[in-house]
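Residue numbers (my numbering): 3 to 302.
Below is the structure:
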């Protein structure tokens, strides 16, 4: 199995975990944990795991000239990204947030072309548009659930910042993945993120009544730390080593498909024609964006 195929599988698995998280993590905030406190729990738990794993790999020293980029990655991917998502989600609706998050691949395309001169082909552009249509149709017409949304415009703006920061994170982190082991990057990124988030989320973190948390909430918190944070960030960094930032970004389209599929399996949703068509469009778009044009030229 080639490294590219392994990277595609890693990206698919990571986005699948994100999709499942929409259902499993439901109900954690704000009844048991406030958003900022939950973010601190995530980065603290994942950071400890990355440091433990790092003791079993070859020690790498981050070069002085790479620290500014690494700090920027931590700010974009583990601070702004998480802070604006959870806070924005508490102010707007899940439908609005899902729609806005699906613009991440488009932002990555544009920013990659402008900032790092990444080649953007017509096939990738068309695939991104097709995937976007599938994702929007699935989210807008396929989800009926509504939750309290005290400030939708502000929440939408925060989700847009979240999507933008994640897209920038993929682009800024790309050069570092060519130099350092994924675990090496993650341990320093999350240590930096802990330092950033500690003063922001400390008050909400210490207000959590741990002894009163039921097991159903504790295991979901564990899933978010180990699965949604530790595994997904590690797998995405590994995938970024062998795939372009725009290719990783388009996997965002699969999240609503996975979320709906899991909801159907768990009995929280039903399958219909719209969801089938939307899923086909999403996977077609991902196939077009992840298709490697160099192979075709090599066979010619």
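Yeah, the Cβ is synthetic: ideal placement off N, Cα and C, and Gly gets one too.
About 7 Å separates the beta carbon of residue 9 from that of residue 240, a gap short enough to meet the 8 Å contact definition. When Cβ pairs closer than 8 Å are counted between the two stretches, the segment 243-263 is seen not to touch the segment 54-73, the count staying below three. Counting C-beta pairs with one atom in each stretch, the segment 162-171 and the segment 69-80 have three or more that are closer than 8 Å, which means they touch. Rounded to the nearest whole angstrom, the CA to CA distance from residue 126 to residue 16 is 21 Å.
Per the C-alpha coordinates, the member of 199, 20, 249, 214 positioned closest to residue 37 is 199. Non-local C-beta neighbours of residue 88 in its own chain, meaning closer than 8 Å and more than five positions away in sequence, comprise 31, 37, 38, 40, 41, ordered along the chain. For residue 243, the uninterrupted alpha helix (DSSP H) run begins and ends at 234-244, by DSSP. With a cutoff of 8 Å on beta-carbon distance, residue 90 and residue 157 are scored as near each other. When the beta-carbon positions are compared, residue 45 and residue 195 come within less than 8 Å of each other. Bounds of the alpha helix (DSSP H) holding residue 163 are 154-179.
Excluding the 5 residues flanking it on each side, residue 18 has same chain C-beta neighbours closer than 6 Å at 260, in chain order. By the Cβ neighbour-count rule, residue 69 is exposed, with fewer than 16 other Cβ atoms within 10 Å of its own.
Between residue 251 and residue 129 a beta carbon distance of about 12 Å is seen, past the 8 Å cut, so the two are scored as non-contacting. Distance from the CA of residue 51 to the CA of residue 112, rounded to the nearest whole angstrom, comes to 34 Å.
In chain order, 26 place their CB closer than 7 Å to the CB of residue 225, counting only its own chain and leaving out the 5 sequence neighbours on each side.
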